[in-house]
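**Student:**
Protein chains in written order, with the working numbering: chain A, 2 to 229; chain B, 298 to 483.
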């Protein structure tokens, strides 16, 4: 089987789009150029370039392990200090809540603060896209779906279907549905949102914005979202 | 602005220090780590495009910095050092796994202030701008693939070409995008 550069790069792109670590191979200069551009485009998906809490946890774990192996480093940093660090690790320069930027690009002002209402994401060039079958989402449940440029959470509240962004407006961590509590938990900073996207509580000094709502509808037995 | 709010949450450095970034100092590793771990992750993610590699490379950048950095040190020095380390680590990644001899040159385009840029997370906007500069057929294949998540087969159907042609089109489109300037994607 002969592989052309276009084939190899297509495989690389497939791996990126499926969230896999790409296979390694000896690439030409042109292929590396194309793959670097592909990496940039793959990062453009909202929230794609933000680390999960699990990833931060592992990065932190590796640094802590390195400190254990190398006591000399304690001159600069104690292990305890590094451990203490972790609770607030996902911090600072990230800023820019990715979804705020999407909202801004669509000509809407970003929502400031939890009591400031909600943004509805109505992207230009969007289309209704099926994300799940209605049978997958019984009443009283919420589920995470991924489509186009959006990670969303679809909710069935007593037969009424709605959707909000699945990304925490604070630092972009992926929210986890808590069905019995009818809420969406952020694993990073003990923040929770209601099914409508409204901030329920937060352990931050200021309230994060409410979750943007995503237009949803039921078409036949499919739940559809209006997304790019 | 959001920026200031977020920084206040972290506590160090204080927003006031950042306004006078010339003089702000990281007192200890804790401050360096908190302030930069996510930024470093994003910086490398945008150049490898996947979470598994980004996690390894971000850990590597921080590890190397941890071993060599002497603190306290000015914030802008530390960030410049982190970015420089990230370049080296990325060039090494492409060299080791893809036999790329000259990836270093490409990566010189990581701007020294990459970690401070307020546009750090506006990747979507930059990608959109870059797409808008491409000829129609190039733009369409990349939109279908990267924005809509189409497979090569689906994209080929949509464009009315063979799968093999779609792969070639994608390759050419990506090279053209690279030519137009990676700086749009930094």
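Note that CB positions come from ideal geometry on N, CA and C, so glycine has one too. No experiment lies behind these values; they were computed from the predicted model shown.
Does DSSP put residue 30 of chain A in a helix, in a strand, or in coil?
**Tutor:** Correct three-state label for residue 30 of chain A: helix.
**Student:** For residue 63 of chain A, return the contacting residues in chain B, with the cut-off set at a CB-CB distance below 8 Å.
**Tutor:** Those within 8 Å of residue 63 of chain A in chain B are 356 and 360.
**Student:** Taking only beta-carbon positions, decide if residue 390 of chain B is within less than 8 Å of chain A.
**Tutor:** No - not a single Cβ of chain A is within 8 Å of the one on residue 390 of chain B.
**Student:** So what does DSSP say about residue 461 of chain B, is it helix, strand or coil?
**Tutor:** Three-state DSSP puts residue 461 of chain B in a helix.
**Student:** Could you give the distance in angstroms between the alpha-carbon of residue 136 of chain A and the alpha-carbon of residue 41 of chain A?
**Tutor:** If you take the alpha carbons of residue 136 of chain A and residue 41 of chain A, they lie about 37 Å apart.
**Student:** Who are the neighbours of residue 458 of chain B on chain A, taking C-beta pairs under 9 Å?
**Tutor:** Within chain A, no residue comes near residue 458 of chain B; the closest Cβ sits about 12 Å away, beyond 9 Å.
**Student:** Going by DSSP in three states, residue 155 of chain A sits in which element: helix, strand or coil?
**Tutor:** Strand, per DSSP.
**Student:** Does DSSP put residue 371 of chain B in a helix, a strand or coil?
**Tutor:** Residue state, collapsed to three classes: strand.
**Student:** How would you list, in chain order, the residues of chain A whose beta-carbon sits under 7 Å from the beta-carbon of residue 435 of chain B?
**Tutor:** Result: empty, since nearest Cβ-Cβ is about 11 Å, beyond 7 Å.
**Student:** Can you tell me the Cα-Cα spacing of residue 108 of chain A and residue 122 of chain A, whole angstroms?
**Tutor:** In this prediction, residue 108 of chain A scores a pLDDT of 36, lower than 50, which makes its location untrustworthy; no coordinate-derived value is stated.
**Student:** Below 8 Å CB to CB, which residues in the same chain sit around residue 217 of chain A once its five sequence neighbours on both sides are set aside?
**Tutor:** Same-chain partners within the cutoff: 155, 162, 163, 164, 224, 225, 226 and 227.
**Student:** Name the chain A residues that come within less than 7 Å of residue 439 of chain B, Cβ to Cβ?
**Tutor:** By Cβ distance, chain A contributes 42.
**Student:** Can you name the residues of chain B whose CB is closer than 7 Å to the CB of residue 219 of chain A?
**Tutor:** The contacting residues do not exist; residue 219 of chain A stays about 22 Å from chain B at best.
**Student:** For the 8 Å Cβ check, are there 3 or more pairs between the region 343-363 of chain B and the region 37-56 of chain A?
**Tutor:** Taking 8 Å as the limit for Cβ pairs, the verdict is that the region 37-56 of chain A does touch the region 343-363 of chain B.
**Student:** Using a threshold of 8 Å, state whether the C-beta atoms of residue 38 of chain A and residue 471 of chain B are closer than that.
**Tutor:** For residue 38 of chain A and residue 471 of chain B, yes; Cβs fall inside 8 Å.
**Student:** Who are the near neighbours of residue 158 of chain A in its chain, counting only those whose CB is closer than 8 Å to its CB and skipping five residues on each side?
**Tutor:** Excluding positions up to five away in sequence, the list reads 140, 141, 183 and 196.
**Student:** Given that a residue counts as buried once 16 or more other Cβ atoms are within 10 Å of its Cβ, and exposed if not, what is residue 166 of chain A?
**Tutor:** Residue 166 of chain A should be labelled buried.
**Student:** Any beta-carbon of chain A closer than 8 Å to the one on residue 442 of chain B?
**Tutor:** Answer yes: the Cβ-Cβ gap between residue 442 of chain B and chain A drops below 8 Å somewhere.
**Student:** Could you tell me if residue 364 of chain B is buried or exposed, where buried requires 16 or more neighbouring beta carbons within 10 angstroms of its beta carbon?
**Tutor:** Residue 364 of chain B comes out exposed.
**Student:** When you check each C-beta in the region 445-470 of chain B against every C-beta of chain A, which residues fall closer than 7 Å?
**Tutor:** Those would be 445, 446, 449, 464, 465, 467 and 468, in chain order.
**Student:** Since residue 187 of chain A sits in a beta bridge, which residues does DSSP pair it with?
**Tutor:** A:192, per the DSSP bridge assignment.
**Student:** Shorter than 7 Å, the distance from the beta carbon of residue 188 of chain A to the closest heavy atom of the ligand ADP, or not?
**Tutor:** Absent from the structure shown: the ligand ADP. Ligands present: none.
**Student:** To which residues of the same chain is residue 186 of chain A closer than 7 Å at the C-beta, ignoring the five residues directly before and after it?
**Tutor:** Excluding positions up to five away in sequence, the list reads 176, 177, 179 and 193.
**Student:** Could you spell out where the beta strand (DSSP E) holding residue 130 of chain A opens and where it closes?
**Tutor:** 128-134 is the extent of the beta strand (DSSP E) around residue 130 of chain A.
**Student:** What are the boundary residues of the beta strand (DSSP E) that residue 4 of chain A is part of?
**Tutor:** Per DSSP, residue 4 of chain A belongs to no beta strand (DSSP E) and is neither H nor E.
**Student:** With a cut-off of 8 Å on the beta carbons, I'd call residue 10 of chain A and residue 32 of chain A a contact; round off their distance for me.
**Tutor:** Sure, about 6 Å apart at Cβ, within 8 Å.
**Student:** Go to residue 344 of chain B, then tell me how far its alpha helix (DSSP H) extends in each direction, as first and last residue.
**Tutor:** Looking at the DSSP string, the run of the alpha helix (DSSP H) that includes residue 344 of chain B is 326-345.
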